[in-house]
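Okay, structure first, notes after.
2 protein chains.
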Amino acid sequence: MNDNLTADRPSFVTHLECSMTGERYDADMLHGLSRVGRPLLVRYDLDAVGAALSRDALSTRPTDLWRWRELLPVRHTRDIVSLGEIETPMVPIPVSGGANVLVKDEGRLPTGSFKARGLVMAVAMAKELGVTRIAMPTNGNAGAALAAYASRCGIETIVFCPEDTPEINVREIAMQGARVWRVNGLIDDCGAIVGKGATEGRWFDFSTLKEPYRIEGKKTMGLELAAQFGWDLPDAIFYPTGGGTGLIGMWKAFDELEKLGWISSKRPRMYAVQASGCAPIVRAFEAGEEHAERWEDAHTIAMGIRVPRAVGDFLILRAVRESGGKALGVGDPAILKAVEDCARRDGLLLCPEGGATLAAYREALRTGEVDEDERVVLFNCATGLKYPMPPSPQTLDRHAPIDFDAL
Amino acid sequence: MNDNLTADRPSFVTHLECSMTGERYDADMLHGLSRVGRPLLVRYDLDAVGAALSRDALSTRPTDLWRWRELLPVRHTRDIVSLGEIETPMVPIPVSGGANVLVKDEGRLPTGSFKARGLVMAVAMAKELGVTRIAMPTNGNAGAALAAYASRCGIETIVFCPEDTPEINVREIAMQGARVWRVNGLIDDCGAIVGKGATEGRWFDFSTLKEPYRIEGKKTMGLELAAQFGWDLPDAIFYPTGGGTGLIGMWKAFDELEKLGWISSKRPRMYAVQASGCAPIVRAFEAGEEHAERWEDAHTIAMGIRVPRAVGDFLILRAVRESGGKALGVGDPAILKAVEDCARRDGLLLCPEGGATLAAYREALRTGEVDEDERVVLFNCATGLKYPMPPSPQTLDRHAPIDFDAL
Chain A
2 MNDNLTADRP
12 SFVTHLECSM
22 TGERYDADML
32 HGLSRVGRPL
42 LVRYDLDAVG
52 AALSRDALST
62 RPTDLWRWRE
72 LLPVRHTRDI
82 VSLGEIETPM
92 VPIPVSGGAN
102 VLVKDEGRLP
112 TGSFKARGLV
122 MAVAMAKELG
132 VTRIAMPTNG
142 NAGAALAAYA
152 SRCGIETIVF
162 CPEDTPEINV
172 REIAMQGARV
182 WRVNGLIDDC
192 GAIVGKGATE
202 GRWFDFSTLK
212 EPYRIEGKKT
222 MGLELAAQFG
232 WDLPDAIFYP
242 TGGGTGLIGM
252 WKAFDELEKL
262 GWISSKRPRM
272 YAVQASGCAP
282 IVRAFEAGEE
292 HAERWEDAHT
302 IAMGIRVPRA
312 VGDFLILRAV
322 RESGGKALGV
332 GDPAILKAVE
342 DCARRDGLLL
352 CPEGGATLAA
362 YREALRTGEV
372 DEDERVVLFN
382 CATGLKYPMP
392 PSPQTLDRHA
402 PIDFDAL
Chain B
2 MNDNLTADRP
12 SFVTHLECSM
22 TGERYDADML
32 HGLSRVGRPL
42 LVRYDLDAVG
52 AALSRDALST
62 RPTDLWRWRE
72 LLPVRHTRDI
82 VSLGEIETPM
92 VPIPVSGGAN
102 VLVKDEGRLP
112 TGSFKARGLV
122 MAVAMAKELG
132 VTRIAMPTNG
142 NAGAALAAYA
152 SRCGIETIVF
162 CPEDTPEINV
172 REIAMQGARV
182 WRVNGLIDDC
192 GAIVGKGATE
202 GRWFDFSTLK
212 EPYRIEGKKT
222 MGLELAAQFG
232 WDLPDAIFYP
242 TGGGTGLIGM
252 WKAFDELEKL
262 GWISSKRPRM
272 YAVQASGCAP
282 IVRAFEAGEE
292 HAERWEDAHT
302 IAMGIRVPRA
312 VGDFLILRAV
322 RESGGKALGV
332 GDPAILKAVE
342 DCARRDGLLL
352 CPEGGATLAA
362 YREALRTGEV
372 DEDERVVLFN
382 CATGLKYPMP
392 PSPQTLDRHA
402 PIDFDAL
């Protein structure tokens, strides 16, 4: 019924290239990082894409992620894996945000987070390239998306998460068929275990940006935004930044769309939002550095952005700077306040990382970094339901007289 | 950007009528139950709808719930309330279900359940009709949807839920701005408190089917299904049935679509699925009764369908019988098994009530009630993330040597 999933449509991948050195790598082969240990980027014959597909033709397709097929790496329709990757809605938050603030609610995707975008693509490519066993370090949501998609196509998964990952995330990963382990450390400690196993040939390493295709899936956030805004991008994007795949992916999407002639050279200012308890990108941005050092003693309630070190640090910093944006840190109290205000006043329950973007927007408004007339998009990267909430109320005794005035 | 929310489009409501006696009631006035204590149904001038809107025109609109505006009761665009009511995807579950089985994944709606459909409409109408204070009994998901939409438009809400409602639901309701109370009883005990307060004029009663508009919102499940199936309905629908608003609403939708000439007279067999620990509709169906008595000692892990008495019982039974379907009960072990299989093998985490529909489908397949060649839709009414899952695994010590073979 959705021909995005069944129609044979070409992919226009030509090759991959090192994001640091530009060195070329062959498409249609299994790759990890480049020779210098940096992410590989997928390149397309965009002239051919433009000849094969127009914005008008695109607008007649169902609006899910797979409508962007010509700008995605999967070659064969049979390798598509899907759990219903809908176009996520943009929800105004006029009271807690402002008249021109939209939340892109990524919690509506399969497994309840934007991680589905990256993992659906990476798993489809793993299937296409014959991978049978995958391991991954995760703060929770990426592991859930990996488990779901990999189980769906019979690929074995082993997932490692920090010891204090919320129970609901760990259980979800296990329910969806992965073998999951807690580790007494942070996500990069989990990543070290995954890396060691990969070196021994035990599994394929699916860490953020260590395989080339998650970024292609995340790219669809930028493609969708462009279409949803009628091919005229918003003025600013606030993006919760851990590994930064989405920010890098959106930036890549905008470039590809401009080369296709589908958008102008106008770009949103990209704001990379981090928690002040784990803000390596903010520190590097402010110091004018090209790379970000590991953040020691990382701590924040926004676990999804508790990432002490990002292998794509220079790509994040480059996109933020090119865009005229900034890297911004916000404290946990401001995050909690933003989540509470948005839920109570606009009826939208954000995840803490989404709350961080609202907190950062408010601070940016206060400092004059953004203007309230500007069209702004905040990314709510996951459903707020996966996260701790305040304790619940006392019980009313239905057998006793009820004091209605006190309810 | 979504003109479904901003365009002025007419509503074609002519009047309301009692579902039992057919007595007419004026539109554009606040109503509860009819004079004989039964639900009111909203009626439209379908000839005028047909003159104003075609299937082709409809297909050019964004696919969300509000594209059905001409078949919905809201008169004024300013009264629309929205948190992004997307068209929910249909996800195949080939391994745990079968080649022709699709899950309509209602967990993607705002607040994570199909309750959003009914409540977005009921709250918009409450806003239109000047209601300022609403109370509701809930097993969790309806209360969350009510709280979110009502808070969004400044309507005060008081919500009562059974004592053992999962913590996550109660907290979600509170976060979204409602005053919420646990009550030592079941949902109809909560309903009695709401009813008493309503009689005293303290609030408007938003219990299932006690106001006329939730059913109009739920109707969109049937409208969407028709559009998604290319106006040729599936052979069978398995629907988790507590209050039954959705089943009644879909049946009403199919009637309206046929009168519009958009579908034929062909109908799916409707299977009302209940938990065997709380199966009043199943008991009444099997006994050939028109009404269902209260089920005593109700118990099931599928709390959303733990509804001992439904005010719309006769409407559910009538639809099921007219359709050639059945009411089916399934035990908790079969529900858990279905949830586990679907998550582990197809990567889709159902809620227990959704699991109940898969369990019922499997049993119906075994008994020959359905054929594996038939096109079947199962309703997953909420995200599986709101529900208890098996405990999570032990911690791996990253400082000790790791036995990779044991992972």
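Protein chains in written order, with my numbering: chain A, 2 to 408; chain B, 2 to 408.
For each residue, glycine too, the CB sits at the ideal point set by N, CA and C.
> First and last residue of the beta strand (DSSP E) that includes Leu11(B)?
Replying inline: In the sequence on display, residue 11(B) carries Pro and not Leu. Taken as a continuous stretch (DSSP letters only), Pro11(B) belongs to no beta strand (DSSP E), as it is neither H nor E.
>> Taking contact to mean 3 or more Cβ pairs, one atom from each stretch, closer than 8 Å, check whether the region 304-321 of chain B and the region 266-281 of chain B are in contact.
In response: yes
>> For chain B, check one thing: does any of its Cβ atoms lie closer than 8 Å to the Cβ of Met176(A)?
In response: yes
>> Is there a C-beta anywhere in chain B that falls below 8 Å from the one on Phe405(A)?
In response: yes
> Fully enclosed by the region 247-324 of chain B, which beta strand (DSSP E) runs are 3 residues long or longer?
Replying inline: 270-276
> If you count every other CB in all the chains shown that lies within 10 Å of the CB of Asp106(A), and 16 or more means buried, which is it?
Replying inline: buried
>> Going by the DSSP bridge assignment, what does Arg44(A) pair with across the sheet?
In response: His16(A)
>> Quick check on Gly36(B): buried or exposed, where buried means 16 or more other Cβ atoms within 10 Å of its Cβ?
In response: Position check: residue 36(B) holds Arg in this sequence, whereas Gly was assumed. With fewer than 16 Cβ atoms within 10 Å of its Cβ, Arg36(B) is classed as exposed.
> For Leu59(B) and chain A, any beta-carbon pair shorter than 8 Å?
Replying inline: no
> Considering only C-alpha positions, which residue in the set Lys197(A), Cys343(A), Val378(A) and Ile174(A) is nearest to Gln229(A)?
Replying inline: Val378(A)
>> Taking CB distances under 8 Å as the criterion, tell me whether Leu408(B) reaches chain A.
In response: yes
> Hey, would you say the C-beta of Ala175(B) is under 7 Å away from at least one heavy atom of the ligand COA?
Replying inline: What this structure holds is no ligand at all, so the ligand COA is not there to describe.
>> Any beta carbon from chain B within less than 8 Å of Ser97(A)'s own beta carbon?
In response: no
> What did DSSP end up calling Lys105(B) once you bin it into helix, strand or coil?
Replying inline: strand
>> Could you tell me the alpha carbon to alpha carbon distance between Gly420(A) and Glu217(A), rounded to whole angstroms?
In response: This structure cannot speak to residue 420(A), because chain A is shown only from 2 to 408.
> Using a C-beta to C-beta distance shorter than 7 Å, which residues of chain A count as neighbours of Asn185(B)?
Replying inline: Thr396, Asp398 and Arg399
> What span of residues does the alpha helix (DSSP H) with Ile174(A) cover, start to end?
Replying inline: Glu168 to Met176
>> Please identify the residue among Gly144(B), Leu366(B), Gly355(B) and Ala193(B) whose C-alpha is closest to the C-alpha of Gly104(B).
In response: One point to set straight first is that residue 104(B) is Val, not Gly, in the sequence displayed. When each option's Cα is compared against that of Val104(B), the closest is Gly355(B).
>> For a cutoff of 8 Å on Cβ pairs, would you count Tyr150(B) as touching chain A?
In response: yes
> In whole angstroms, what separates the C-alpha of Gly196(A) from that of Leu130(A)?
Replying inline: 20 Å
> Is the CB of Arg180(B) under 8 Å away from at least one CB in chain A?
Replying inline: yes
>> I'd like to confirm the pairing. Which residues does DSSP put opposite Arg183(B) in its beta bridges?
In response: Thr396(A) and Cys162(B)
>> According to DSSP, simplified to helix, strand and coil, what is Val195(A)?
In response: helix
>> Which of the three DSSP states is assigned to Tyr214(A) in this structure?
In response: coil
> If you draw a straight line from the C-alpha of Ala344(B) to the C-alpha of Met30(B), how long is it?
Replying inline: 46 Å
>> So with CB distances below 7 Å, who are the chain B contacts of Leu374(A)?
In response: Sequence inspection shows Asp at residue 374(A); the Leu mentioned does not correspond to that position. Residues of chain B passing the Cβ test: none, with the nearest at roughly 17 Å.
> Which residue's Cα is closest to the Cα of Thr7(B): Pro40(B), Trp67(B) and Asp27(B)?
Replying inline: Trp67(B)
> For the putative contact between Arg292(B) and Asp314(B), defined by C-beta atoms under 8 Å, what is the C-beta separation to the nearest angstrom?
Replying inline: It should be pointed out that residue 292(B) corresponds to His in this sequence rather than to Arg. Yes, His292(B) and Asp314(B) are in contact; Cβ-Cβ is about 5 Å, under 8 Å.
> Would a C-beta distance cut-off of 8 Å place Ala52(B) and Pro11(B) closer than the cut-off?
Replying inline: no
>> Checking 8 Å against the spacing of the C-beta atoms, do Glu71(B) and Leu110(B) come in under that value?
In response: Judged by beta-carbon spacing, Leu110(B) lies beyond the 8 Å limit of Glu71(B), meaning their Cβ atoms are not closer than that value.
>> Just to check my reading of the structure: Glu364(A) and Val331(A) have Cβ atoms closer than 8 Å, yes? What is that Cβ distance to the nearest angstrom?
In response: 7 Å
>> Between Glu164(A) and chain B, is any beta-carbon pair separated by less than 8 Å?
In response: yes
> What residues from the region 106-137 of chain B come within 7 Å of chain A, judged by C-beta to C-beta, listed N to C?
Replying inline: Residues passing the 7 Å Cβ filter: Asp106, Arg109 and Gly113.
> Contact between the region 188-195 of chain A and the region 159-167 of chain A: three or more CB pairs below 8 Å?
Replying inline: yes
> Of the residues that make up the region 335-350 of chain B, which ones have a beta carbon closer than 9 Å to any beta carbon in chain A?
Replying inline: Val340, Glu341, Ala344, Arg345, Arg346, Asp347, Gly348, Leu349 and Leu350
>> Looking at the strands, I want to know which residues DSSP matches up with Asp380(B).
In response: In the sequence under discussion, the amino acid at residue 380(B) is Phe, which differs from the Asp named in the question. Looking at the DSSP assignment, Phe380(B) forms a beta bridge with Lys105(B).
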